[in-house]
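S.K.: Protein chains in written order, with numbering that gives the first Met the number 0: chain A, 0 to 329; chain B, 0 to 229; chain C, 0 to 59. Glycine included, C-beta positions come from ideal geometry on N, C-alpha and C. Mind looking over this structure? Questions follow.
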Amino acid sequence: MFAKHWGKLSITLLLILFSVLKTIDYTEKNAELEDVLVKQTQGYPYVYQTTMGEVVEFSALNLVSNFLLMVGVMVVLGLFSDRYLVPLFNKLSSPKHYYRMTGKWLPYLWVITLTLMVYGLYGGFTAPAEKYQGEVYRIIYIHVPLAWLSMMAYMVMAVAAFVSIVWRIKMADVVLISCAPIGAIFTFLALVTGAVWGYPTWGTWWTWDLRLTSELVLLFIYLGIIALYSTYEDKRTASRAVAVLTLVCVVNIPIIHYSIQWLGDKTLHQANSVSVGKSSMDVSMLIPLLVMSFAFKFLFAAIVIMRSRSEVLLRESNSRWVEGVLGVEK
Amino acid sequence: MKQISAVRAFWWMIKRDIVLSFRHKGELINPLLFFVLVIMLFPLGMGIGQTQLATISNIAPGLIWVTALLASMLSLEGIFRSDFEDGTLDMMVMGVRPVALLALAKVIAHWMVTGIPIIIIAPLMGLMLGLKTEAYGALMLTLLMGTPLLSLIGAIGVALTVGLRGGGVILSLLILPLYVPVLIFSANLVAMASIGEPITAHLYMLSGMLVLAVSLAPWAIGAALKISVS
Amino acid sequence: MSFFELLATDKHLGYIVASYAITFVFVVGYIIHTLWLGKNVRQKLVRRIKARRKNDDATA
């Protein structure tokens, strides 16, 4: 029985672990948020905070709702995995099918991206001004999606690296290296928009705090990965080297993040305004932010797919199907 | 021919590397000289006439640690090179014994000939930079735990670039971001010790990181070496 | 006064415009670069395949 269902069982265990960790995270975030409120009452001028301004107490309800969410996700995964997800994954791991299927997806991705982006920007610029910062807070609608995505892109790369090392799937290599340049660009833009936002609100372009430092290190990690890939002549070897480096750096990022946190980070950066299940923002500001973040995620997917399609053509240039795609078959 | 066991091979590798590096004394002295010279440059760069010892002594932990980090990176660059050039590395990777173990042996040997001299000379450098008396013990302790960490982490990057022509150029880009946590913890620890704050929690963290690196880094080095020599 | 007029009088307008503009420039620039790269790769491959065929015909 265990041998048959080990995949679902391990997913269950992982999700339980994840929800417990998430709950611990809630308590920390709550402490952070209370700290913000205290600062605010003391007249601390530059804290980003809340039109609603309430603190959601940590409760067993959080844990239960979180857990139920995870169980739901698991059930859906379990129901769909054998029939749809596994075949999809298998198909995508073959270069030929990857090229054909993503070619069909790409127009839809662009339409979704543009629609969401137009809607998000419209919502963002018609939302009310923020209580303490005035209009300049509207940078949030690009800064926060970029910052989220810079981390998410790395997570995608890490998963691809794992798949590439464990199962030796060629497409994972292609996806891994296609994510790197756009990840670097998003990280760079998150830093730049953060600085542009920081100057009018904090009075400084840069400060060595937790988020800024880890984001900067992340940028250098992206650049290191790109540099290592381009130094190798043989791209197959390059992909394997890059996969190892990506996994090594995955250990590094949380260590940097928490090391600065533990060392008593006295930060100017505002606390997280949004996390799963609760938010300190008003709905009229929050919805455009979420829409924009989804728009950027679709944008990321579209760009990675475009990049990986030309990469896969290059790598498979000796296959017959490439000749068919290029329209030069005999 | 009789096969020697993996443990014997491990000790043999350490001994061989130490003997080899004592035959090339230049490689032995170079990182140490670099360490001393760069430390000397900082006070000079801050203005020799009006050198305020107080200012320097405030940032001394950071200076010593950044310099130790750079010296470690500089000396690590050659850790696999001669073995790569004469084909010993190919034998290591293709042999029956685990590459991770042999790589660990090489890193330990390398640390013994380049890390330990730096630890020994560090108090003298602290004296020259006017480090507070309370901080010397902490400095030695962090270096004792931190320099093997640096060697282990750095060796991953070196192993990835050993077969490349332009490898040396990107080495710093690969391993300096990985050095950041070690630097943050160690320099902070020494700075806290110099103002008399408790450092036990930091020491636990640093030793935890060392344990993590000792147990995981050899596998990464092994995998990287396999990629580089293939 | 409409919302956008209000925004135009805000003293931080420059910062908003700057951050949106730089994001737009980089993202659109990268998309154009990717499109160009894709086109380039296709042309290169077509040339390479044709050259290979010519070579094969010559040896055959």
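1) Going by DSSP, name the residue or residues bridged to Glu129/A.
2) Output yes if chain B places a C-beta closer than 9 Å to the C-beta of Met153/A; else output no.
3) Helix or strand or just coil, what does DSSP make of Val327/A?
4) Can you pull the chain C residues whose beta carbon is under 7 Å from the beta carbon of Glu322/A, in chain order?
5) Taking 7 Å as the limit between beta carbons, can you name the residues of its chain near Ile225/A, skipping five residues before and five after?
6) So what does DSSP say about Lys10/C, is it helix, strand or coil?
7) Please list, in chain order, all residues of the same chain as Lys334/A whose beta carbon is under 7 Å from its beta carbon, the five residues on each side excluded.
8) Cutting at 6 Å between CB atoms, please list the residues of its own chain near Tyr136/A, excluding the five before and the five after it.
9) Return the chain-ordered list of same chain residues with a C-beta closer than 8 Å to the C-beta of Pro180/B, the five sequence neighbours on each side being excluded.
10) Kindly list the residues whose CB is nearer than 8 Å to the CB of Ser171/B, restricted to its own chain and excluding five residues on each side of it in sequence; keep chain order.
11) Would the beta-carbon of Tyr118/A fall within 9 Å of that of Val290/A?
12) Who are the near neighbours of Trp110/B in its chain, counting only those whose CB is closer than 8 Å to its CB and skipping five residues on each side?
13) For the candidate residues Val143/A, Trp201/A, Met100/A, whose alpha-carbon lies nearest to that of Pro333/A?
14) For the region 94-122 of chain B, list the alpha helix (DSSP H) runs that are entirely contained and at least 4 residues long, ordered along the chain.
15) By the 8 Å beta-carbon criterion, what residues does the region 16-36 of chain C contribute toward chain A?
16) Compare the C-beta of Gly165/B against all C-beta atoms of chain A and say whether one is closer than 9 Å.
17) Buried or exposed: where does Thr132/B fall if 16 or more other Cβ atoms within 10 Å of its Cβ makes it buried?
18) Between Leu244/A and Phe185/A, how many whole angstroms is the CB-CB distance? I'm expecting something under 8 Å.
19) Just mark Glu315/A as buried or exposed, buried being the case when its beta carbon has 16 or more other beta carbons within 10 Å.
20) Under the assumption that Pro144/A contacts Ser292/A (Cβ atoms under 8 Å), give the Cβ distance between them as a whole number of angstroms.
21) For the alpha helix (DSSP H) that contains Tyr387/A, what are its first and last residues?
22) Closer than 8 Å, Cβ to Cβ, to anything on chain C: give me those residues from the region 198-214 of chain A, in chain order.
23) Which residues, in chain order, does the region 169-199 of chain B contribute to contact with chain A at a C-beta distance below 7 Å?
24) Within the chosen definition, does the region 27-34 of chain B reach the region 66-81 of chain B through at least 3 CB pairs nearer than 8 Å?
25) Could you spell out where the alpha helix (DSSP H) holding Lys24/B opens and where it closes?
26) Determine, using beta carbons only, whether Lys265/A comes closer than 9 Å to chain B.
27) Quick one: what does DSSP say Leu130/B is sitting in, helix, strand or coil?
28) The region 226-252 of chain A: which residues have C-beta closer than 8 Å to a C-beta of chain B, in chain order?
M.R.: Let me lay it out:
1) Position 130 of the first sequence, counted from the start, is the residue given in the question as residue 129/A. According to DSSP, which records beta bridges pairwise, Glu129/A is partnered with Gly133/A.
2) Mapped onto the first sequence, residue 153/A falls at position 154. Per the sequence shown, the amino acid found at residue 153/A is Tyr instead of Met. It does not: the Cβ of Tyr153/A has no partner Cβ on chain B nearer than 9 Å.
3) In the first sequence, residue 327/A corresponds to position 328, counting from 1. In the structure shown, Val327/A sits in coil (DSSP, three-state: anything other than H, G, I, E or B).
4) As a position in the first sequence, residue 322/A is number 323, starting the count at 1. Simply Ile48.
5) Walking along the first sequence from the start, residue 225/A turns up at place 226. Counting only Cβ-Cβ distances below 7 Å, and skipping sequence neighbours, we find Ala179, Pro180, Ala183.
6) For this step, residue 10/C is matched to residue 11 along the third sequence. Lys10/C: coil per DSSP, three-state reduction.
7) This structure does not reach residue 334/A, given that chain A is present from 0 up to 329, and the question cannot be answered.
8) Sequence index remark: in the first sequence, residue 136/A carries index 137 (1-based). Contacts found: Glu129.
9) The sequence position of residue 180/B within the second sequence is 181, counting from 1. The residues are Met208.
10) As a working mapping, residue 171/B is identified with position 172 in the second sequence. If we look at Ser171/B and ignore the five residues flanking it on each side, its Cβ neighbours are Met72.
11) On the first sequence, position 119 is the one that residue 118/A refers to. On the first sequence, position 291 is the one that residue 290/A refers to. It is a contact, given that the beta carbons lie within the stated cut-off.
12) One-based indexing of the second sequence puts residue 110/B at position 111. Within the same chain, Trp110/B has close Cβ partners Thr146, Pro147, Ser150.
13) Any property of residue 333/A remains undetermined from this structure, which presents chain A solely from 0 to 329.
14) 98-109
15) Ala17, Ser18, Tyr19, Ile21, Thr22, Phe25, Val26, Tyr29, Ile30, Thr33, Leu34, Leu36
16) Taking the first residue of the second sequence as 1, we reach residue 165/B at position 166. Closer than 9 Å: yes.
17) Taking the first residue of the second sequence as position 1, residue 132/B is located at position 133. Exposed.
18) Within the first sequence, residue 244/A is the residue found at index 245, counting from 1. Within the first sequence, residue 185/A is the residue found at index 186, counting from 1. Going by Cβ atoms, the distance from Leu244/A to Phe185/A rounds to 19 Å, so no, they are not a contact pair.
19) Counting from one through the first sequence, the residue named residue 315/A turns up at place 316. Buried, because 16 or more other Cβ atoms sit within 10 Å of the Cβ of Glu315/A.
20) The residue labelled residue 144/A in the question sits at position 145 within the first sequence. The residue labelled residue 292/A in the question sits at position 293 within the first sequence. The pair is a contact, with the Cβ atoms about 4 Å apart (cut-off 8 Å).
21) Outside the shown range of chain A (0 to 329) lies residue 387/A, about which nothing can therefore be said.
22) Tyr198, Pro199
23) Ile169, Leu172, Leu173, Pro176, Leu177, Val179, Pro180, Ile183, Phe184, Asn187
24) yes
25) What you label residue 24/B is simply residue 25 of the second sequence in a count that begins at 1. Counting along the chain, the alpha helix (DSSP H) containing Lys24/B begins and ends at 24-44.
26) What you label residue 265/A is simply residue 266 of the first sequence in a count that begins at 1. The predicted position of Lys265/A is uncertain, since its pLDDT is 49 and thus under 50; a value taken from the coordinates is nonetheless stated next. Not closer than 9 Å to any Cβ of chain B, the Cβ of Lys265/A fails to qualify, so no.
27) Here residue 130/B refers to the residue found at position 131 of the second sequence. DSSP places Leu130/B in coil when its eight states are reduced to three.
28) Ala226, Leu227, Thr230, Tyr231, Thr236, Arg239, Ala240, Val243, Leu244, Leu246, Val247, Cys248, Val250, Asn251
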